[in-house]
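Student:
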Amino acid sequence: MSNGFDSSYFDQIINREGTGSTKYDGRQAMFGKPDVIPVWVADMDFATPPAITDALMERAKHPVYGYTLFPDSLYESIIDWMQQRHNWTIERDWIVMCPGVVPSLNAAVMAFSQPGESVIIQPPVYFPFFSAVSQTGRMLVQNPLVLQNNRYVIDFDHLEQCVQETGARLLLFCSPHNPVGRVWSPDELNQLLQIAEKQDLIIFSDEIHADLIYPEHKHTVLATLTGSEDRVMTAMAPSKTFNIPGLNLSTLIVPDKKLRKAITDVFNTWHISASNPFSVIAFETAYRQGEAWLEALLVYLRDTRDYVQDFLNNYLPQIKLIPSEGTYLLWLDCRALNMSDAELKHFFIHDAGVGMSPGILFGEQGSGFVRLNIGAPRETIRQVLNNIRQSQSLLKSNK
Numbered sequence: 088m089s090n091g092f093d094s095s096y097f098d099q100i101i102n103r104e105g106t107g108s109t110k111y112d113g114r115q116a117m118f119g120k121p122d123v124i125p126v127w128v129a130d131m132d133f134a135t136p137p138a139i140t141d142a143l144m145e146r147a148k149h150p151v152y153g154y155t156l157f158p159d160s161l162y163e164s165i166i167d168w169m170q171q172r173h174n175w176t177i178e179r180d181w182i183v184m185c186p187g188v189v190p191s192l193n194a195a196v197m198a199f200s201q202p203g204e205s206v207i208i209q210p211p212v213y214f215p216f217f218s219a220v221s222q223t224g225r226m227l228v229q230n231p232l233v234l235q236n237n238r239y240v241i242d243f244d245h246l247e248q249c250v251q252e253t254g255a256r257l258l259l260f261c262s263p264h265n266p267v268g269r270v271w272s273p274d275e276l277n278q279l280l281q282i283a284e285k286q287d288l289i290i291f292s293d294e295i296h297a298d299l300i301y302p303e304h305k306h307t308v309l310a311t312l313t314g315s316e317d318r319v320m321t322a323m324a325p326s327k328t329f330n331i332p333g334l335n336l337s338t339l340i341v342p343d344k345k346l347r348k349a350i351t352d353v354f355n356t357w358h359i360s361a362s363n364p365f366s367v368i369a370f371e372t373a374y375r376q377g378e379a380w381l382e383a384l385l386v387y388l389r390d391t392r393d394y395v396q397d398f399l400n401n402y403l404p405q406i407k408l409i410p411s412e413g414t415y416l417l418w419l420d421c422r423a424l425n426m427s428d429a430e431l432k433h434f435f436i437h438d439a440g441v442g443m444s445p446g447i448l449f450g451e452q453g454s455g456f457v458r459l460n461i462g463a464p465r466e467t468i469r470q471v472l473n474n475i476r477q478s479q480s481l482l483k484s485n486k
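The numbering of the sequence shown is this note's numbering, which starts it at 88 and goes up by one.
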């Protein structure tokens, strides 16, 4: 790879302990042990692109860190990135800067539903989708994904039934999907939009992983398709892509003026500024100068995904990888181990010393699964898999 971003760049082991890292310094709170290998929370153990670090250091040299505007150049970087990477022509007026995708999720629920009204989610799904609905006094309606031939699909008939029976006006949609790794096809997305148009459904499309697509797949932005114009808002950010989630800045792209006003009205009541001098610099630099790093990252993640698949096939056939089309989060089917969720948790944490996200966190449909974050040097992932293999062998010998 050019610019020094070959596999050796991502093979570097970086000690993150003692930096206030949720992933590392939060292990005791999460797993009851401080020394598990942490492959859970969705950030990566790779050094962010050097251009971002350089830009942050340059900005830090200016000794005043005051209230910060969003400069024209920031909006231009978003417009250019969406055109270049996603063939999506957007306008500046559509862009709403936000303090992260999860706050945006909550703002959408509050903007487009009232307490007691229904909001639809599609589990197993990123757990803030649940809390954004339940903690704001809305009714949670589940349209579970269906696992067919080792691949998840949307149950469109059930989705339409959910809308008709509950009167829901809002769907929280995850694309690419966390945790199951689906990159939805244009046919699936068009079918979704047809139902949305027929049932007058608004869609919040969380596309934060849109840049993390494996080479054999292609992400389609839902809002680029006919029928999306007045009912889709798209959450995007460079945070997952370039490993800067701690800087808490994202964007909502909302073409429809009425939808845009409704959600900005909610943000305005919170009086929370999404900007700080460092998040703005990192965001813009990522989109302006991060592409070569991203291209190398995608190759490295693909090779790690394939390594995990081969390892499971050869040494841990009871654990099945749901084929991942995007994201650096792998969804592992452990049901053949014949363990309860509590037993799985104990096995991985206390026997294998591995800290993954329990599948049950993503809804009852995640029972018997775990989520593995492969955004780490391959040696770390190798150690994770070997620990599981050795622990499973010990379990068998003790039976």
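Virtual Cβ for every residue (Gly too), placed ideally from N, Cα, C. Being a predicted model, the structure only gives us computed values, none of them experimental.
Spatial neighbours of residue 315 within its chain, please: CB distance less than 7 Å, with the 5 preceding and 5 following residues excluded, ordered by chain position.
Tutor: 280, 309, listed in sequence order.
Student: Go through the stretch 190-232 residue by residue and report every complete run of the alpha helix (DSSP H) that reaches 4 residues or more, in order.
Tutor: Segments of the alpha helix (DSSP H) lying fully in the stretch 190-232: 215-221.
Student: Just checking my contact of residue 213 with residue 261 at CB under 8 Å: how many whole Å lie between their CB atoms?
Tutor: That belief holds up - the Cβ atoms of residue 213 and residue 261 are roughly 6 Å apart, short of 8 Å.
Student: Rounding to the nearest angstrom, what Cα-Cα distance links residue 337 and residue 215 in this structure?
Tutor: Cα to Cα, residue 337 sits roughly 16 Å from residue 215.
Student: Roughly how many whole angstroms lie between the Cα atoms of residue 273 and residue 307?
Tutor: Spanning the two alpha carbons is a distance of roughly 6 Å.
Student: Output the residue ranges of the beta strand (DSSP E) runs that lie fully inside the stretch 256-283 and measure 3 residues or longer, sorted by chain position.
Tutor: Complete beta strand (DSSP E) runs here, min 3: 257-261.
Student: For the stretch 319-334 and the stretch 124-139, state whether three or more C-beta atom pairs, one from each stretch, are separated by less than 8 Å.
Tutor: Verdict: yes, contact present.
Student: Using the Cβ count rule (16 or more neighbours within 10 Å means buried), how would you classify residue 181?
Tutor: Counting Cβ neighbours within 10 Å, residue 181 comes out buried, since at least 16 surround it.
Student: In three-state DSSP terms, what is residue 407?
Tutor: Residue state, collapsed to three classes: strand.
Student: What is the DSSP secondary structure of residue 566, reduced to helix, strand or coil?
Tutor: Here the chain comprises residues numbered 88 to 486, so residue 566 is not present and cannot be evaluated.
Student: Work out the CA separation of residue 128 and residue 412 for me, nearest whole Å.
Tutor: If I take the Cα positions, the gap works out to 19 Å.
Student: Rounded to the nearest angstrom, what separates residue 367 and residue 145 at their Cα positions?
Tutor: Whole-angstrom Cα-Cα distance: 13 Å.
Student: Under three-state DSSP, which class holds residue 317?
Tutor: Coil.
Student: What is the DSSP secondary structure of residue 297, reduced to helix, strand or coil?
Tutor: It is coil, neither helix nor strand.
Student: Can you tell me where the beta strand (DSSP E) holding residue 338 begins and where it ends?
Tutor: First-last of the beta strand (DSSP E) with residue 338: 337-340.
Student: Look at the alpha carbon of residue 284 and the alpha carbon of residue 453, and state the distance between them as a whole number of angstroms.
Tutor: Rounded to the nearest angstrom, the two C-alpha atoms are 30 Å apart.
Student: Grab the span of the beta strand (DSSP E) containing residue 131 for me, first residue to last.
Tutor: Run containing residue 131: none; DSSP gives neither H nor E here.
Student: Applying the criterion that 16 or more other CB atoms from any shown protein chain within 10 Å of the CB defines a buried residue, is residue 89 buried or exposed?
Tutor: Model confidence at residue 89 stands at a pLDDT of 46, short of 50, so the residue's coordinates are unreliable; what they give is reported in the following sentence. Exposed.
Student: With three or more beta-carbon pairs closer than 8 Å as the criterion, would you say the stretch 149-169 touches the stretch 350-370?
Tutor: Enough Cβ pairs lie closer than 8 Å, so yes.
Student: Tell whether a beta-carbon distance below 8 Å holds between residue 319 and residue 362.
Tutor: No, Cβ-Cβ distance for residue 319 and residue 362 is not below 8 Å.
Student: Where in the stretch 390-472 do unbroken runs of the beta strand (DSSP E), each at least 3 residues long, occur, reported from the N-terminal end onward?
Tutor: Listed in chain order, they are 416-420, 456-460.
Student: Here's a check: name, in chain order, each residue in its chain whose Cβ is nearer than 6 Å to the Cβ of residue 169, leaving out the five neighbours to either side.
Tutor: Result list for residue 169: 175, 177, in chain order.
Student: As a quick exercise: from 243, 209, 263, 407, pick the residue whose alpha carbon is nearest that of residue 294.
Tutor: With distances taken between Cα atoms, residue 294 lies closest to 263.
Student: Under 8 Å Cβ to Cβ from residue 114, same chain only, skipping five residues before and after it: list those, please.
Tutor: Once the five neighbours on either side are set aside, the close Cβ partners of residue 114 are 120, 121, 122, 123, 125, 442.
Student: Within 10 Å of its beta-carbon, does residue 105 have 16 or more other beta-carbons around it, so buried, or fewer, so exposed?
Tutor: Classification for residue 105: exposed.
Student: Let me check understanding here. Comparing Cα to Cα, which of 204, 92, 139, 271 lies closest to residue 372?
Tutor: Measuring from the Cα of residue 372, the nearest candidate turns out to be 139.
Student: Under a three-way DSSP split, which group does residue 147 fall into?
Tutor: If DSSP states are grouped into helix, strand and coil, residue 147 belongs with the helices.
Student: Would you mind sorting residue 313 into buried or exposed? The rule is 16 or more other CB atoms within 10 Å of its CB.
Tutor: Residue 313 is exposed by the Cβ-count criterion.
Student: At the level of alpha carbons, what is the spacing between residue 184 and residue 339?
Tutor: Residue 184 and residue 339: Cα-Cα distance of roughly 6 Å.
Student: I'd like the span of the alpha helix (DSSP H) that includes residue 166, first residue to last.
Tutor: Element bounds for residue 166: 159-173.
Student: Just verifying my parser: in three-state terms, what is the DSSP assignment at residue 324?
Tutor: Three-state DSSP puts residue 324 in coil, outside helix and strand.
Student: How long is the line joining the alpha carbons of residue 165 and residue 172, rounded to whole angstroms?
Tutor: If you take the alpha carbons of residue 165 and residue 172, they lie about 10 Å apart.
Student: Compare the C-alpha of residue 446 against each of 456, 439, 440, 142 and name the closest.
Tutor: Looking at the Cα atoms, 456 is the closest of the given residues.
Student: Measure the beta-carbon distance from residue 257 to residue 282 and round it to whole angstroms, keeping in mind my assumption that it falls under 8 Å.
Tutor: No, residue 257 and residue 282 are not in contact; Cβ-Cβ is about 13 Å, not under 8 Å.
Student: Which partner residues of residue 291 appear in the DSSP bridge assignment?
Tutor: Answer is 259, 320, bridged to residue 291.
Student: For residue 449 versus residue 266, is the C-beta spacing smaller than 8 Å?
Tutor: Yes, these two residues count as a Cβ contact at 8 Å.
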